[in-house]
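Each protein sequence line maps, in turn, to chains A and B. Residue numbering for the first sequence follows my numbering, beginning at 1077 and increasing consecutively. Residue numbering for the second sequence follows my numbering, beginning at 76 and increasing consecutively. Just so you know, even glycine gets a beta-carbon here, dropped at the ideal spot from N, CA and C.
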Amino acid sequence: MTRLPADTTDPETIPETGPETDLEADSGKDADTAPRAGRKDPEPRAGAEPGDTPEDPESDGADGEDDGERRRTRTRRTAVVVTAVVALLLGGGAFFHAAHQLRSTPSAQNRALTDTEATTRVGGDVAEGLARIFSYTPAGTDSAERSARTVLTGRAARQYQDLIAQVRTGLAGQKVSLTTQAVRTGVVELDGDRARVLVFLDQTSRRGKGATSSVAAQLTVTARFDGERWLIADIKAR
Amino acid sequence: MKRLVRTTTGNRPALAAALVLTLVAGGFAAWQGQSWYAAAHDGSAAYAAQRDRALAAGQQAVQNLNTLDHRRVDQGLDLWESSTTGELHKELVEGRQQFAGQVKEARTVTTARVLSGAVTELDDRAGRARMLVALRITVTTSDAKSTDKDSRMLGELTRVDGQWKLSGLGQAPVGGTASGG
């Protein structure tokens, strides 16, 4: 009897308690929980909150994607803007450099003849100034010296002081008059308020009532514009 | 709704800044481009370049025409001819034989140094220019005596095949007319 139930129980219990129950329980759990969860979850949710349930998981997922996408587009947009700005700045810089290169050639910086108005003006002012300061009569050098104060500056003014002192002492004994005329002027260089002018002078002197004699002189004059007229800043005999 | 408001308010300053930055950069580029264009098409720059080329060629030509060594007369006179054009060139070619004979007989060596020069007129299109040149001429005779003489000259230049050459040369007269200019 004990065998039978033992026997019956044995084969029954062994599979039941051992592998069978395990298998059944396992498979039952596995099979049950999966469909149950699947069955139970959508059923009450779909029934209780039909509006929320489809939106929440969808919007949550879309939000993550949207953020990423937005971040990406923003990065892309920033990159485009930065590239454009850098390209424009580089282009502008290149133009600036090229323009500077063109303008800074010594040839282009020298405005002699290209600035006709200033060229004519500096030539005229220098020629007139030289004629006035290097012309005098036996009566004296007063008017020449007066002119010198208005047309000379810097080194030329100091040079003139020494020169005219010699002339004054020379004039005392002899009746000499001197007329200076600038016959040709050529602007060598003109840059802003500075200029170099080549001047061909004729200096005609007359001693008493005697005959006149003319002498040629070539000068290179450095001139400076003071806002009103070109002043003679330096004179070099050529 | 909430999100829409948030994104626009979040982007607006950045967008505005980007726009301003791009506009400023664009403005800078346009400004500089315009400046470059003006410089590149500046007629006065091309004119200034011609002026300097004429002056350099003219000074060299004047120096050449005041340089002659009796031991190398032919070489010197060849240089004279290549430095000139027009009427002046014709005169030099015609008088060459006679002049070469005179220099060989006098046995003089003449050298010149340009002290200063300036272009006074330039017609870029016609290819004509006028210039002033102050130069010092040194003449050495056969007995090794040398004398310096300062000279002032007026030159007339003509452009031939892109090269400036002397077409006229003379002393600037002294004590002559009152209307020099």
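Span separating the alpha-carbon of B:K179 from that of B:Q172: Residue 179 of chain B sits at position 104 when you count from the first residue of the second sequence. Residue 172 of chain B sits at position 97 when you count from the first residue of the second sequence. Approximately 11 Å between the Cα atoms of the pair.
Chain B contact for A:T1190 (CB, 8 Å cutoff): Within the first sequence, residue 1190 of chain A is the residue found at index 114, counting from 1. Yes, A:T1190 lies at the interface with chain B (some Cβ there is under 8 Å from its Cβ).
Among B:A123, B:A247, B:W111 and B:N139, nearest to A:P1182 - alpha-carbon criterion: Walking along the first sequence from the start, residue 1182 of chain A turns up at place 106. Checked all of B:A123, B:A247, B:W111 and B:N139; the closest Cα to A:P1182 is B:A123.
Bounding residues of the alpha helix (DSSP H) (the contiguous stretch that carries A:Q1237): Within the first sequence, residue 1237 of chain A is the residue found at index 161, counting from 1. Element bounds for A:Q1237: G1230 to G1249.
Continuous beta strand (DSSP E) stretch holding B:D198: start and end: Stepping through the second sequence from its first residue, residue 198 of chain B is reached at position 123. Per DSSP, B:D198 belongs to the beta strand (DSSP E) from V184 to D198.
Proximity test, Cβ basis, 8 Å: A:D1136 and chain B: Taking the first sequence and counting its residues from 1, the one referred to as residue 1136 of chain A is at position 60. The predicted position of A:D1136 is uncertain, since its pLDDT is 49 and thus under 50; a value taken from the coordinates is nonetheless stated next. Chain B, which has no Cβ nearer than 8 Å to the Cβ of A:D1136, makes this no.
Residues of its chain near A:A1110, where Cβ-Cβ distance is below 8 Å and the 5 sequence neighbours each way are ignored: As a working mapping, residue 1110 of chain A is identified with position 34 in the first sequence. With a pLDDT of 44 at A:A1110, under the threshold of 50, the modelled position of this residue cannot be trusted; read the value that follows with caution. Within the same chain, A:A1110 has no close Cβ partners at all.
DSSP-derived helix/strand/coil call for A:F1210: For the purposes of this step, residue 1210 of chain A is taken as residue 134 along the first sequence, with counting starting at 1. A:F1210 falls in the coil class under three-state DSSP.
Chain A within 8 Å of B:A104, Cβ atoms only: Sequence index remark: in the second sequence, residue 104 of chain B carries index 29 (1-based). So, interface residue.
Minimum Cβ-Cβ distance from A:G1127 to chain B less than 8 Å: Counting from one through the first sequence, the residue named residue 1127 of chain A turns up at place 51. Any reading at A:G1127 needs caution, since the residue's pLDDT is 43, under 50, leaving its predicted position unreliable; the model's value is listed next. No, A:G1127 lies away from the interface with chain B (no Cβ there is under 8 Å from its Cβ).
Residue-chain proximity (B:T195, chain A), Cβ-Cβ < 8 Å: In the second sequence, counting from the first residue as 1, residue 195 of chain B sits at position 120. Yes - at least one Cβ of chain A is within 8 Å of the one on B:T195.
Limits of the beta strand (DSSP E) - the one that B:A204 falls within: Taking the first residue of the second sequence as 1, we reach residue 204 of chain B at position 129. Here the beta strand (DSSP E) through B:A204 covers R203 to T215.
B:G161, enclosing alpha helix (DSSP H) - first and last residue: Counting from 1 along the second sequence, the entry for residue 161 of chain B is found at position 86. Element bounds for B:G161: G161 to A181.
A:S1180 - DSSP class collapsed to helix/strand/coil: Residue numbering aside, residue 1180 of chain A sits at position 104 when the first sequence is read from its first letter. In this structure, A:S1180 counts as coil in the three-state DSSP scheme.
Beta-carbon proximity list for A:Q1294, same chain, < 8 Å, skipping 5 on both sides: Residue numbering aside, residue 1294 of chain A sits at position 218 when the first sequence is read from its first letter. Closer than 8 Å at Cβ, skipping near neighbours: L1274, V1275, F1276, L1277, A1313 and R1314.
For A:G1262: DSSP bridge partner residues: Counting from one through the first sequence, the residue named residue 1262 of chain A turns up at place 186. Paired residue(s): A:L1274.
Chain A contact for B:V249 (CB, 8 Å cutoff): Here residue 249 of chain B corresponds to residue number 174 of the second sequence, with the count starting at 1. True, the Cβ-Cβ gap to chain A drops below 8 Å.
Three-way DSSP call (helix, strand, coil) for B:E156 in this model: As a position in the second sequence, residue 156 of chain B is number 81, starting the count at 1. DSSP places B:E156 in helix when its eight states are reduced to three.
Chain-ordered residues of the stretch 108-121 of chain B with a beta carbon less than 7 Å from chain A: G108, S110, W111, A114, A115, S119 and A120
Residue environment, B:K240, which counts as buried when at least 16 other CB atoms sit within 10 Å: Position 165 of the second sequence holds residue 240 of chain B. So B:K240 ends up on the buried side.
Anticipated Cβ contact below 8 Å, B:V184 with B:D144, distance rounded: Taking the second sequence and counting its residues from 1, the one referred to as residue 184 of chain B is at position 109. Taking the second sequence and counting its residues from 1, the one referred to as residue 144 of chain B is at position 69. That belief holds up - the Cβ atoms of B:V184 and B:D144 are roughly 5 Å apart, short of 8 Å.
A:Y1236, buried or exposed, once every other Cβ within 10 Å from all chains shown has been counted against 16: If you number the first sequence from 1, residue 1236 of chain A lands on position 160. Looking at its Cβ environment, which holds 16 or more other Cβ atoms inside 10 Å, A:Y1236 is buried.
From A:S1253, A:L1206, A:A1241 and A:A1224, residue whose alpha carbon lies closest to that of A:R1260: Locating residue 1260 of chain A in the first sequence gives position 184, where the first residue counts as 1. Comparing Cα positions, the closest option is A:L1206.
Straight-line gap, B:G102 to A:V1157 (C-alpha atoms, nearest Å): Mapped onto the second sequence, residue 102 of chain B falls at position 27. Mapped onto the first sequence, residue 1157 of chain A falls at position 81. Computed Cα separation, rounded: 15 Å.
Within 8 Å, strictly: CB atoms of B:A181 and B:V148: Numbered from 1 along the second sequence, position 106 holds the residue referred to as residue 181 of chain B. Numbered from 1 along the second sequence, position 73 holds the residue referred to as residue 148 of chain B. Contact flag unset, no.
Straight-line gap, A:R1148 to A:G1169 (C-alpha atoms, nearest Å): Counting from 1 along the first sequence, the entry for residue 1148 of chain A is found at position 72. Counting from 1 along the first sequence, the entry for residue 1169 of chain A is found at position 93. The straight-line gap from Cα to Cα measures roughly 31 Å.
B:E231 - DSSP class collapsed to helix/strand/coil: Position 156 of the second sequence, counted from the start, is the residue given in the question as residue 231 of chain B. Reduced to three states, the DSSP call for B:E231 is strand.
Test: B:A132 CB closer than 8 Å to a CB of chain A: On the second sequence, residue 132 of chain B is found 57 positions in, with the first residue counted as 1. Not one chain A Cβ lies under 8 Å of B:A132.
Distance between A:L1247 and B:Q150 (C-alpha atoms, nearest Å): Within the second sequence, residue 150 of chain B is the residue found at index 75, counting from 1. Within the first sequence, residue 1247 of chain A is the residue found at index 171, counting from 1. In a straight line, the C-alpha of B:Q150 is about 52 Å away from that of A:L1247.
Cα-Cα separation, B:H164 to B:D236: If you number the second sequence from 1, residue 164 of chain B lands on position 89. If you number the second sequence from 1, residue 236 of chain B lands on position 161. Distance between the alpha carbons of B:H164 and B:D236 is about 16 Å.
8 Å Cβ cutoff, A:G1246 in contact with chain B: Within the first sequence, residue 1246 of chain A is the residue found at index 170, counting from 1. Chain B, which has no Cβ nearer than 8 Å to the Cβ of A:G1246, makes this no.
Chain B contacts made by the stretch 1270-1301 of chain A, where a contact means CB separation under 7 Å: L1274, F1276, D1278, T1280, S1290, A1292, Q1294 and T1296
Contact with chain D by B:D127, beta-carbon distance below 8 Å: No chain D appears in this structure, whose protein chains are A and B.
Terminal residues of the beta strand (DSSP E) in which B:L241 lies: To locate residue 241 of chain B, count along the second sequence from 1; it is residue 166. Unbroken beta strand (DSSP E) run through B:L241: Q238 to Q246.
Simplified DSSP assignment, three categories, for A:T1288: Start at 1 with the first residue of the first sequence, and residue 1288 of chain A comes out as number 212. If DSSP states are grouped into helix, strand and coil, A:T1288 belongs with the strands.
Residue-chain proximity (A:F1210, chain B), Cβ-Cβ < 8 Å: For the purposes of this step, residue 1210 of chain A is taken as residue 134 along the first sequence, with counting starting at 1. Output row for A:F1210: interface = no.
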